[in-house]
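There are 2 protein chains.
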Amino acid sequence: MSTRRYLEDVQPGDTFESGAITMIESEMIEFALRFDPQPMHTDPVAARDGPFGGLTASGWHTASIVMRLLYEAQPLGDTPMIGMSVDEMRWPQPVRPGDVLRAKVEVLAVRISKTRPSHGILKLRMTTRNQRGETVMVQEPNCWVPRRP
Amino acid sequence: MSTRRYLEDVQPGDTFESGAITMIESEMIEFALRFDPQPMHTDPVAARDGPFGGLTASGWHTASIVMRLLYEAQPLGDTPMIGMSVDEMRWPQPVRPGDVLRAKVEVLAVRISKTRPSHGILKLRMTTRNQRGETVMVQEPNCWVPRRP
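In the order they appear, the protein sequences are chains A and B.
Using the working numbering, the first residue of the first sequence is number 1, and each one after it goes up by one.
Using the working numbering, the first residue of the second sequence is number 1001, and each one after it goes up by one.
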């Protein structure tokens, strides 16, 4: 079932909870081999002697998983959300095989575009935690979304 | 051949040029189906009526490609670079199938860690352009790197 929501349907302070995604070692390695082939992300044996004492996900894999969590949280239903920019992004803790990630999406600000008033900009904060409640990624994206026609 | 460079080997103002990566439509769709399954990134036909008039890469795919370009530019040789945070990230133009992306890496700042003086923080600016010289992504990551032993 298709649902469309618009800029007017969200308010600063609204929050959305995502489902969960489990990080699979083979997928972490596959992602890293393509995009971030440092041994700490690709080689479980070499990673033991690396900075985290074991294999960790590329931060860009974690960021991509967070995008999937945001997509599933559907703050605007099926309405496309175009990422324009991210004001801040941090990876405070490493992500390891078997970690279960969940994101909380908060609406920080909603404003109408000055140049194209048919659209607006939604500033979000996404906080992603693992199964122990440790924050593994924080980001504050600005998304371009349509206003109600 | 393995080469290791350290915090001391780079200075503010240093620049590095990456090689090139061509964006392949099937890879863009495959990435988006896993991480960002909005029709503008997954369905060439539906994307024609979407916000960019054609298929575009997920911004997280572009970000991951930029990580690969950074890896290949090797500002620190084989020394691991751990991404701690990104101060700012923008996608000023969409990335389309067939686009050829290249990144320029500039060293903005180099500082020694106060809490762990064996390491330091390298602040970079990465500017990624397409074959027409249009900027498709800008980001300013902070990387944790070892000092010379």
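Quick reminder that beta carbons are idealized off the backbone N, C-alpha and C, glycines included.
{"Asked": "Residues sharing a beta bridge with P151 of chain A, DSSP", "Found": "This structure cannot settle anything about residue 151 of chain A, because the visible part of chain A is limited to 1 through 149."}
{"Asked": "Cut-off 8 Å between Cβ atoms - residues of its own chain near D1014 of chain B, not counting five sequence neighbours on either side", "Found": "P1075, E1106 and V1107"}
{"Asked": "Nearest-angstrom beta carbon gap, V138 of chain A and R90 of chain A [assumed within contact, 8 Å]", "Found": "5 Å"}
{"Asked": "Distance, K123 of chain A Cα to E140 of chain A Cα", "Found": "7 Å"}
{"Asked": "C-beta contact flag for L1055 of chain B and R1096 of chain B at 8 Å", "Found": "yes"}
{"Asked": "Residue range of the unbroken beta strand (DSSP E) whose run includes E1088 of chain B", "Found": "I1082 to R1090"}
{"Asked": "Reduced DSSP secondary structure (H/G/I, E/B, other) of E134 of chain A", "Found": "coil"}
{"Asked": "Span of the alpha helix (DSSP H), counted from its first residue to its last, around S26 of chain A", "Found": "E25 to F35"}
{"Asked": "Short CB-CB distance (under 8 Å) between G50 of chain A and chain B", "Found": "yes"}
{"Asked": "Backbone secondary structure at P141 of chain A - three-state DSSP", "Found": "strand"}
{"Asked": "Residues of the segment 71 to 82 of chain A with Cβ closer than 8 Å to any Cβ of chain B, in chain order", "Found": "Y71, P80, M81 and I82"}
{"Asked": "Rounded C-alpha distance that separates R10 of chain A from P146 of chain A", "Found": "Here the sequence assigns Val to residue 10 of chain A, which means Arg is not the residue at that position. Roughly 12 Å between the two C-alpha positions."}
{"Asked": "Residues bridged to G77 of chain A [DSSP beta-bridge criterion]", "Found": "A:R4"}
{"Asked": "DSSP three-state assignment for S152 of chain A, whether helix, strand or coil", "Found": "What is shown of chain A runs 1 to 149, which leaves residue 152 of chain A out entirely."}
{"Asked": "Within-8 Å CB hit, D9 of chain A to chain B", "Found": "no"}
{"Asked": "Buried versus exposed call for S118 of chain A [16 or more other C-beta atoms within 10 Å across all chains shown]", "Found": "exposed"}
{"Asked": "DSSP bridge partner residues for L101 of chain A (one or two, in chain order)", "Found": "A:I21"}
{"Asked": "Inter-residue spacing [alpha-carbon to alpha-carbon] between T62 of chain A and I24 of chain A", "Found": "12 Å"}
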